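Asker:
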Amino acid sequence: MTTVRSRREVQQRVRWLASLAVLWSLIALPAAAREAPPVFQLTPLTERVALVSGGASNVVVVAGSEGLLLVDGGAESEARALLAFLAGRYPGRPVKVLFNTHWHLANTGLNEAVRRAGGEILAHENTRLWMSTVINARAEGRIYPPRAEGARPTRTFYDGVQTLDFDGVKVEYALLPQAHTDGDIYVRFPSENVIVAGDVVAPARYPVIDAASNGWLGGMVAALRTLSVLGNAQTRYVPGNGPPCGQAELKAQEQMGTTLANRMGESYYKGETWEQFQASEPLRDLVAQGGDAQAFLRQSYETAWYHVGEIRRVGAR
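Per this note's numbering, the very first residue in the sequence shown carries number 638; after that it's consecutive.
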């Protein structure tokens, strides 16, 4: 009797464990799929400059004889795969210089790996400060802790156009004040006619304005004007995500921002509430192919309150 009961218990336990294994496989499969390595693609922009796409952010590569210069580095979860991809395309050439266009995790995930290997991280001082403190991103319902010391930029600047020479390629970089964040920079390669602009540029989609780090619509419009002046009709502008665009797409995004700023200014000075402004459908003719229209509208409206004295001047420049 005891033997029969023991066998039944063993059989029940085996069936239970088998069921548990099936259940675990169903739970784990989607997670494994999400953790699949990104499929990177390398697209030459010029003889010396290339774009790596397929990750959390665009990564621009300048190849030198003994190393690489990168602008942005994708997410930390992709760092190992990105370095392996670069090693396959540029064998024996480690990353010597890495620019951060701003502090967001999708752009700065390669920092620690580059620093460990002896590379230099360049960014605006505000980017370093954001990476050194707690960030309360209320719009996301998320709090970002300070980044590890080894993930922070090693060299920063405050204002003015900075320059360096990377293996014969001149590099210019400067601040784009209070646009997507208050630490945005552009990185320009004059001889290549390529400008990397990070998430300030969002061709054919609604951009993101990060209120937690002092971005605002007027600053984004001003940044787009600056970038347009720096280039010409043949310039390749590389956004934070998506394919490179031209000056025409830049001006279209600027016009969308200017029109919205004018409508917000009118609403503010009428004393309208957010609900009244929203009901007026301020994006009615400002159609984009991607992005979150309502999030963009709310971000634009709320961040402009801190610049209420400037809002009417945004469209008048």
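We put the CB at the ideal spot given by N, CA and C, even for glycine. Just so it is clear, the structure is predicted and the values come from calculations on it, not from any experiment.
Go through its chain and collect everything with a Cβ distance to E947's Cβ below 7 Å, but skip five positions before and after it.
Answerer: The residues are G855.
Asker: How would you call E777, buried or exposed, if buried means at least 16 neighbouring beta carbons within 10 angstroms?
Answerer: So E777 ends up on the exposed side.
Asker: What did DSSP end up calling P876 once you bin it into helix, strand or coil?
Answerer: In the structure shown, P876 sits in a strand (DSSP, three-state: E or B).
Asker: Ends of the alpha helix (DSSP H) at T764?
Answerer: Looking at the DSSP string, the run of the alpha helix (DSSP H) that includes T764 is E762 to M768.
Asker: CB L742 to CB A712, shorter than 8 Å?
Answerer: Cβ atoms of L742 and A712: closer than 8 Å.
Asker: Does DSSP classify T800 as helix, strand or coil?
Answerer: Strand.
Asker: For A750, which of G883, H739 and V734 has the nearest alpha-carbon?
Answerer: Nearest option by C-alpha distance: V734.
Asker: Out of G692, G725 and Y823, point me to the one whose CA is closest to G746's CA.
Answerer: The residue with the shortest Cα to Cα distance from G746 is G692.
Asker: What do you get for G729, buried or exposed, if any count of 16 or more other CB atoms within 10 angstroms of its CB means buried?
Answerer: When all chains shown are included, G729 counts as exposed.
Asker: When you compare each of G701, L720 and S702 to V689 by their alpha carbons, which one comes out closest?
Answerer: The option with the nearest alpha carbon to V689 is L720.
Asker: Where does the unbroken beta strand (DSSP E) through L811 begin, and where does it stop?
Answerer: Per the sequence shown, residue 811 should be read as Ala rather than Leu. Counting along the chain, the beta strand (DSSP E) containing A811 begins and ends at V806 to L812.
Asker: Alpha carbon to alpha carbon, what distance is there between F722 and A665?
Answerer: Note that A665 scores a pLDDT of 42, beneath 50, so its modelled location is shaky; the value from the coordinates is reported in the next line. Approximately 27 Å, taken between the alpha carbons.
Asker: Taking its Cβ as the centre, do 16 or more other Cβ atoms sit within 10 Å of G868, making it buried, or is it exposed?
Answerer: G868 comes out buried.
Asker: Below 8 Å on the Cβ atoms is my contact criterion, and I expect V833 with T738 to pass it. Report the Cβ-Cβ distance as a whole number of Å.
Answerer: Right, their Cβ atoms sit about 7 Å apart.
Asker: By a C-beta neighbour count over all protein chains shown, 10 Å radius and 16 as the cutoff for buried, is E681 buried or exposed?
Answerer: Looking at the sequence provided, one finds Pro at residue 681 rather than Glu. It counts as exposed.
Asker: Per DSSP, which one or two residues make a beta bridge with T896?
Answerer: Per DSSP, none; premise fails for T896.
Asker: Identify which residue in R842, T895, S828 and N878 has its Cα closest to the Cα of A860.
Answerer: Considering only alpha carbons, the answer is T895.
Asker: Helix, strand or coil for F826 per DSSP?
Answerer: Strand at F826.
Asker: Per DSSP, what kind of secondary structure is N773 in: helix, strand or coil?
Answerer: The answer is strand: DSSP assigns N773 an E or B state.
Asker: Assuming Q678 is part of the beta strand (DSSP E), what are its boundary residues?
Answerer: Start and end: Q678 to P681.
Asker: Which first and last residues belong to the alpha helix (DSSP H) in which R862 is found?
Answerer: Where R862 is concerned, the enclosing alpha helix (DSSP H) stretches over L854 to L867.
Asker: If I follow the unbroken alpha helix (DSSP H) through S937, where does it start and stop?
Answerer: Where S937 is concerned, the enclosing alpha helix (DSSP H) stretches over A930 to A941.
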